[in-house]
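In our numbering, the protein residues as written are 71 to 323.
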């Protein structure tokens, strides 16, 4: 592989890590670039290799959030334990069948999501404590299974869907939703990585340099999100969801 291709991959990984740390959706940058620059590799090998930098960037971003944002560890542990096998199952299914049939449905869902988030100016600006502990656990289990499976089976936009779920179902604000989403996303990434490692689908000479780049982007993005707060994260959230929408629209049409 030419050195300039690796440099472009690392640049894409840095940008992806930066965006993903703020509100998720780094896969919208990293995955298409990887597929374009590595056309001679099987898609599963490219996706598997890109999971390593995704995990690295999420780890560094999560560390930054952990230093500044309070976490509900009871809920997080439940979600991480359940998200791991869900992502593993989704990635296993991906090795047998195509996920293209899901994209038209996601196109509709994302369109509604953009309209709602833009219209509701107070969405995710404040913490809402209206759910009982039992309801919170129920939503935690539901989010872990659904979004974990989605990450393994489809992937792009997982962080954004996690942020949305934490806000809409569990009453978090954008900052706390982004922080908690990083921890759950670590578990989903790790579940997929285990599957791709077992299948021998990871090229480490590509994955490791990209991992360092993604980690630096994740570190920088998380620090900026913590400094700027909810309004800044909301704007980024809208940008990333619109980007996800365009990506799926391109795939469908």
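Glycine included, C-beta positions come from ideal geometry on N, C-alpha and C.
Simplified DSSP assignment, three categories, for residue i
i           : result
residue 102 : helix
residue 294 : helix
residue 270 : coil
residue 211 : helix
residue 313 : helix
residue 139 : coil
residue 202 : coil
residue 122 : helix
residue 74  : helix
residue 284 : helix
residue 158 : helix
residue 279 : helix
residue 117 : helix
residue 320 : helix
residue 243 : coil
residue 97  : helix
residue 220 : helix
residue 133 : helix
residue 89  : helix
residue 109 : coil
residue 299 : coil
residue 225 : coil
residue 128 : helix
residue 258 : helix
residue 167 : coil
8 Å Cβ shell around residue i - same chain, five flanking residues per side excluded
i           : result
residue 209 : 201, 235, 239, 240
residue 122 : 263, 272, 274, 277, 278, 280, 281
residue 319 : 177
residue 269 : 114, 118, 165
residue 220 : 160, 228, 231
residue 296 : 134, 135, 138, 139, 245
Cβ distance (whole Å) where residue i is taken to contact residue j below 8 Å
i           : j           : result
residue 317 : residue 98  : 6 Å
residue 313 : residue 96  : Wrong, their Cβ atoms sit about 11 Å apart, outside the cutoff.
residue 244 : residue 303 : 4 Å
residue 125 : residue 259 : 4 Å
residue 174 : residue 322 : 5 Å
residue 103 : residue 79  : 7 Å
residue 132 : residue 256 : 6 Å
residue 152 : residue 218 : 7 Å
6 Å CB neighbourhood of residue i in its chain, flanking five on each side removed
i           : result
residue 261 : 154, 157, 158
residue 249 : 135, 139
residue 247 : 233, 236, 237
residue 148 : 210
residue 130 : 285, 288, 289
residue 146 : 253
Sequence-distant residues of its chain with Cβ nearer than 7 Å to residue i (five each side left out)
i           : result
residue 265 : 158, 161, 162
Discussion item. Whether or not the stretch 160-167 and the stretch 211-224 are in contact is what I'm after, with contact meaning three or more pairs of Cβ atoms, one per stretch, closer than 8 Å; do they touch?
Written reply: Flag = yes, the stretch 211-224 and the stretch 160-167 touch.
Item to complete: Examine the Cβ distances between the stretch 282-290 and the stretch 79-89 and report whether three or more of them are shorter than 8 Å.
Response: Yes: at least three Cβ pairs fall under 8 Å.
Worksheet item: So, do the stretch 87-106 and the stretch 288-304 have three or more beta carbon pairs nearer to each other than 8 Å?
Response: Short answer: they touch.
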